[in-house]
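J.: The structure that follows is given in the form of structure tokens.
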Amino acid sequence: MAAYLIAEHKIADPAAYEEYRIKALAAVDRFGGKLLLRARSVEALAGSWQPDRLVVLEFADMASLKAMHDSPDYQALIGIRNVAAANVLLAIEAA
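Using this note's numbering, you'd call the opening residue of the sequence shown number 53 and step up by one each time.
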């Protein structure tokens, strides 16, 4: 069953975010994930959620998503990610 990683980034350091983005997408690719959406323009139709940047990644299953997130390659990027932006990451399994 497909799984999706939804990431909200409020970018503080664009150069650091670009470094994180390039390296993170390489890790996603190694675990069979694919970028479905990267949006800078997000409009809330209800509620007050207004991310600066929204990213949606698709994986074959939750095990692949978590394997990517827990991999040494990705874990090494968390420090860069946290300097680059305030982040919320959600792992969602399709029904």
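Just so it is clear, CB atoms sit at the ideal spot from N, CA and C, and this is done for glycine as well.
1. Under the three-state reduction of DSSP, which class applies to V135: helix, strand or coil?
2. The alpha helix (DSSP H) spanning E95 covers which residue range?
3. Could you pull the start and end residues of the alpha helix (DSSP H) that A128 belongs to?
4. Span of the alpha helix (DSSP H) holding A55?
5. Pick from A54, A55, R92: whose alpha carbon is nearest that of P66?
6. Determine the burial state of R73: buried for a count of at least 16 other Cβ atoms within 10 Å of its Cβ, exposed for fewer.
7. On the criterion of 16 or more Cβ atoms from any shown chain inside 10 Å, does P103 qualify as buried, or is it exposed?
8. Between the stretch 117–135 and the stretch 93–100, are three or more C-beta pairs nearer than 8 Å?
T.: From the atom records:
1. In the structure shown, V135 falls within a helical segment according to DSSP collapsed to helix, strand and coil.
2. Note, E95: premise wrong, no alpha helix (DSSP H); not H, not E.
3. For A128, no alpha helix (DSSP H) run applies, since DSSP gives it neither H nor E.
4. Looking at the DSSP string, A55 is not in any alpha helix (DSSP H); the run it does join, the beta strand (DSSP E), is 55–63.
5. Closest option to P66, Cα to Cα, is R92.
6. Result: buried.
7. Burial check for P103: the Cβ neighbour count within 10 Å reaches 16 or more, so the residue is buried.
8. Cβ pair count under 8 Å is below three, so no.
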